[in-house]
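Student:
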Amino acid sequence: MVASDRSAIILRARGSLELRCLLDGTDGSHVQKAVSRAFERVRARVTSQALVFRVRDSPMFIWPNKGCQVTEGIAETTACKDLQQRLRSGEPDGGKRSSKKKDKRNGDTSVINIDLLMELTEPGREAGPTLTRREVRHHLAQMALPVDCVVTAGMDDGIGDAFSRLVGALCSQLTDMESAVLRHISGTSLLVPQPFHFHLPEPTGLVTLVYPTGVPDAQLESFRKEMHVRFALPEDRPYLRRANAYHFPGEPFKDGYLRNPHLALSHPALEDAKPFLVQGVYSYHHYMQDRMDDSGWGCAYRSLQTICSWFQQQGYTERVVPSHKEIQQALVDVGDKPSSFVGSRQWIGSIEVQAVLDQLLGITSRILFVSQGSELVNQGRELASHFQREGTPIMIGGGVLAHTILGVLWSETTGDIRFLILDPHYTGGEDLQLVTDKGWCGWKGMDFWDQRAYYNLCLPQRPRAI
1 MVASDRSAII
11 LRARGSLELR
21 CLLDGTDGSH
31 VQKAVSRAFE
41 RVRARVTSQA
51 LVFRVRDSPM
61 FIWPNKGCQV
71 TEGIAETTAC
81 KDLQQRLRSG
91 EPDGGKRSSK
101 KKDKRNGDTS
111 VINIDLLMEL
121 TEPGREAGPT
131 LTRREVRHHL
141 AQMALPVDCV
151 VTAGMDDGIG
161 DAFSRLVGAL
171 CSQLTDMESA
181 VLRHISGTSL
191 LVPQPFHFHL
201 PEPTGLVTLV
211 YPTGVPDAQL
221 ESFRKEMHVR
231 FALPEDRPYL
241 RRANAYHFPG
251 EPFKDGYLRN
261 PHLALSHPAL
271 EDAKPFLVQG
281 VYSYHHYMQD
291 RMDDSGWGCA
301 YRSLQTICSW
311 FQQQGYTERV
321 VPSHKEIQQA
331 LVDVGDKPSS
341 FVGSRQWIGS
351 IEVQAVLDQL
361 LGITSRILFV
371 SQGSELVNQG
381 RELASHFQRE
391 GTPIMIGGGV
401 LAHTILGVLW
411 SETTGDIRFL
421 ILDPHYTGGE
431 DLQLVTDKGW
441 CGWKGMDFWD
451 QRAYYNLCLP
461 QRPRAI
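Next comes the structure, spelled out in structure tokens:
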């Protein structure tokens, strides 16, 4: 478990450890004992002097079980903040990068990435090898354990203590891996255990759980329920599915989409007003992405894709974000559109968004009708309640335009309101600085809306599930 602390540094060690297990039979108890002995040997290697940490993007090697020997001449009493500064000074720009763009991306979290290595030779052993031959029938179970371990160290903590705790955390993770393997043994077949990190509500912070590869989330529900009890989590929403895994600062997303661009914004000044915002993670979907030219007609499709990404990344569905054709086919399947609709460039609105969410994801939605844009000022309480209770993005359509509402800044006493808008009409690249500076994701006042046009809002409801 790693608590969240802006004045702390996360040490993250990753690597592969080989597990070799000789099975002389298929009896369940024999297999379990053999697996446990194999994990014990791996743990012994981790606590041996053969363990080496290599700090990424630096020439630094650390032997944590040899009094924290360091190739760069740093002592074990050296403070973690000094190690961090040394690593930053080794960057190509001398560690001087502090641009607004970088700060927006990485926030205040600092991560030191470490590769886990093992020395192949041990000094002092000069005896020649001894060869023996024994004929025994057995089954060899072998796997590479994908270790991924994190601990938090205070800025003033000595690196000797920090790396010693990292070794202890590695041993604990191996024990969790052993438990995951033992829970899912089938004969002599062993599933590879995989660690996942989850950032839970304060004061818990960052925790790591191990799931067996190949076992779907649906079959791990009982284990997740146990963890919800352990960490005092609500039992009506997922926190510990694979899709909920924490994304470390500075790591790019494989799909290339921007995540949560609104976090780079400051709240506007509005007297006696409180912000009510989308909860969790979403991807920003907009015109011209995915090699699809939908400029002028696809804004509601893109808003729907953003909503679908929210449900995917909160762990409510394993379905990928649907394409335009998949959205159109879903509307044909529910009888809302003729077959000729598939492949067309016809608009959709809030009612169609509601139908697709139900058809593809099993998500129900509320529709809020506003007769003209000037009346959106009266929806502050309704929208604030939605973001407090459900926390999902809202699709709003009016006239020929569609947008995504990510939150509101609302004063209960004065009724003043600002809307946090994610605009799907953007046609540029995935540039956070450009998106926020030019207002494609930004706070808007009442003048943003067409005062005379009617608007329909689709408010997706969060399922109750673990």
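First residue of the sequence shown: 1, per the UniProt record's numbering; consecutive thereafter. Every residue gets a Cβ at the ideal spot worked out from N, C-alpha and C, and that includes glycine.
1. Taking alanine 34 and leucine 23 to be in contact with their CB atoms under 8 Å, please state how far apart those CB atoms are, rounded to whole angstroms.
2. Going by C-alpha distance, which of Phe387, Ile417, Trp347 and Gly399 is nearest leucine 376?
3. Evaluate the contact criterion for the segment 207-225 versus the segment 432-445: three or more CB pairs, one atom per stretch, below 8 Å.
4. Find the nearest neighbour of glycine 415 within the set Cys458, Asn378, Thr427 and Glu430, judged by alpha-carbon distance.
5. Bridge partners for glycine 444 per DSSP, in chain order?
6. Nearest by alpha-carbon distance to aspartate 333: which of Glu318, Leu357, Gln312 and Val321 is it?
7. When you compare only the Cα positions, how much space is there between aspartate 157 and alanine 79?
8. Within the chosen definition, does the segment 300-320 reach the segment 353-367 through at least 3 CB pairs nearer than 8 Å?
9. So for proline 275, helix, strand or coil by DSSP?
10. Going by beta carbon distance, what residues of the same chain come within less than 8 Å of residue 468, once the five residues before and after it are set aside?
11. Check aspartate 157 in the structure and name its three-state DSSP category.
12. State the DSSP-derived secondary structure class of valine 377, mapped to helix, strand or coil.
13. Using alpha carbons as the reference points, say which of Asp336, Arg45 and Leu420 lies closest to glycine 168.
14. How would you call proline 238, buried or exposed, if buried means at least 16 neighbouring beta carbons within 10 angstroms?
15. Where does leucine 190 fall in DSSP's three states?
16. Is leucine 11 helix, strand or coil by DSSP?
17. Rounded to a whole number of angstroms, what is the C-alpha to C-alpha distance between tyrosine 454 and phenylalanine 448?
18. Between which two residues does the beta strand (DSSP E) carrying leucine 361 extend?
19. Beta carbon of serine 411, beta carbon of glutamate 271: below 9 Å?
20. Is glycine 397 closer than 9 Å to alanine 300 when the C-beta atoms are compared?
21. Considering only their Cβ atoms, is the gap separating leucine 11 from leucine 166 smaller than 9 Å?
22. Going along the chain, which unbroken runs of the beta strand (DSSP E) with 3 or more residues stay wholly within the segment 230-309?
23. According to DSSP, is serine 89 part of a helix, a strand, or is it coil?
24. In terms of residues, what are the limits of the beta strand (DSSP E) holding arginine 452?
25. Looking at the structure shown, is cysteine 80 part of a helix, part of a strand, or coil, going by DSSP?
26. Go ahead and pull the three-state DSSP assignment for cysteine 21.
27. Please determine, among Phe196, Lys66, Ser58 and Trp63, the residue with the shortest C-alpha to C-alpha distance to leucine 83.
28. Provide the residue span of the beta strand (DSSP E) that contains valine 46, from first to last.
29. Contact defined as beta carbons within less than 8 Å: I believe serine 365 pairs with leucine 434. What is the distance between those atoms, to the nearest angstrom?
30. By a C-beta neighbour count over all protein chains shown, 10 Å radius and 16 as the cutoff for buried, is glycine 296 buried or exposed?
31. Could you say which of Gly362, Leu360 and Leu383 lies nearest to phenylalanine 369 if we only look at CA atoms?
Tutor: In short, the structure shows the following:
1. 5 Å
2. Ile417
3. no
4. Asn378
5. According to the sequence as given, residue 444 is lysine; it is not glycine. According to DSSP, which records beta bridges pairwise, lysine 444 is partnered with Phe419.
6. Leu357
7. 5 Å
8. yes
9. strand
10. No statement about residue 468 is possible, as the shown extent of the chain runs from 1 to 466 and does not include it.
11. coil
12. helix
13. Arg45
14. buried
15. coil
16. strand
17. 14 Å
18. Unbroken run through leucine 361: none, as it is neither H nor E.
19. yes
20. yes
21. yes
22. 274-277
23. helix
24. No beta strand (DSSP E) contains arginine 452, which DSSP labels as neither H nor E.
25. helix
26. strand
27. Ser58
28. Careful: valine 46 lies outside any beta strand (DSSP E), inside the alpha helix (DSSP H) at 28-46.
29. Wrong, their Cβ atoms sit about 31 Å apart, outside the cutoff.
30. exposed
31. Leu383
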